[in-house]
Amino acid sequence: MAPSSRLPLVMGNWKMHRGGPDGADLARAVLAALGGRAPAGVEVVLLPPPTAIAPVADAIRGTGVRLGGQSCHAAEKGAFTGETAAPFLAALGCGFVLCGHSERRRLSGEDDAAVAARVRAALAAGLRPVLCVGETLEERDAGATEAVISRQVAAGTAGLDAAAAARLEVAYEPVWAIGTGRTATPAQASEGHGTAREALSRGLGAAAASAVRVLYGGSVNPGNAEALLSAPGVDGALVGGASLEAAGFAAIVKAAAAVRAVPATGG
Ligand code: PEP
């Protein structure tokens, strides 16, 4: 496979933590650990809870660190108590939004159709959707990993044109590895990424698919980041728990920049 020219992307998903003034504190601590700005050779995105987006935006302004939302609703506005519309995220300076994180699929009942609608809403608002896919342990044990990833990618990207595909990111997150401390091996990660990229190629065409970054997520930490980020086909990391600790998250970011500073082997 040809070396990847995709810029590595590391995202910190704070989940429902640091939603008050402590969100800006964490953003400032991450920046300090990074030496004041995003390092060259890697894109860094923080995903705070909606209540902390504005203060985090202030804290990171002009540093190259970017901002995103953890979810968006499919509608632009309306009677959807507690939800966040994609244009609201864009107005606060977000450039990205997760769509179909497994916690949303499981806890909020987002099925493939709902996730696809959110991908479209994100694109319409000018955001880069991060389509999250991945199998549960039961699905893996049943030999359905490939089918699940392929189905979720196909459903989430159905009908997207090349311009939309150019603004898409995908995160392969085996559900059994999220928040469990149990990580996929680099080989398992590569396999999942290969499946996701094949599904992208089938749906979007090989050229458009080759530009899409596929991130690995699932208990990434400073100790395993280098091995996972070096795995063929892995274009970055979606980091949950470890993104709440500034020094550790910064170490993962630096690992991503260092791994791709030498020619990558992933396609
Ligand atoms: C996530 O929230 O997407 C995630 C991968 O969490 P963790 O790193 O804690 O497993």
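Number 831 in the numbering used here belongs to position 169 of the sequence shown; there are no gaps in the numbering.
Ideal placement from N, C-alpha and C gives every residue a C-beta, glycine not left out.
| query | result |
| --- | --- |
| Measure the C-alpha to C-alpha separation of A776 and H679 and round it to an integer number of angstroms. | 25 Å |
| Assign A772 to one of two classes, buried (16 or more other C-beta atoms within 10 Å of its C-beta) or exposed (fewer than that). | Note that residue 772 is Glu in the sequence shown here, rather than Ala. Result: buried. |
| Taking its Cβ as the centre, do 16 or more other Cβ atoms sit within 10 Å of K739, making it buried, or is it exposed? | exposed |
| Applying the 10 Å Cβ sphere with the 16-neighbour rule, what's the burial state of A990? | Because the chain spans 663 through 929 in this model, residue 990 falls outside it and cannot be assessed. |
| Note down, in chain order, each residue of its chain lying with its Cβ closer than 6 Å to the Cβ of R728, except the 5 sequence neighbours on either side. | V707, G757 |
| At 4 residues or longer, and completely inside the stretch 706-735: list those alpha helix (DSSP H) runs for me, N to C. | 715-722 |
| What is the residue span of the beta strand (DSSP E) that R790 lies within? | 790-795 |
| Cα-Cα, which of I914, A736, D897, A893 is closest to G903? | I914 |
| Output the distance between the C-alpha atoms of S872 and G674, rounded to the nearest integer angstrom. | 24 Å |
| Considering only the beta carbon of each residue, do A908 and A695 sit closer than 7 Å? | yes |
| So, is P665 buried or exposed, given that buried needs 16 or more other C-beta atoms within 10 angstroms? | At P665, the pLDDT of 44 sits below 50, so the modelled position is not reliable; the number obtained from the coordinates is stated separately. When all chains shown are included, P665 counts as exposed. |
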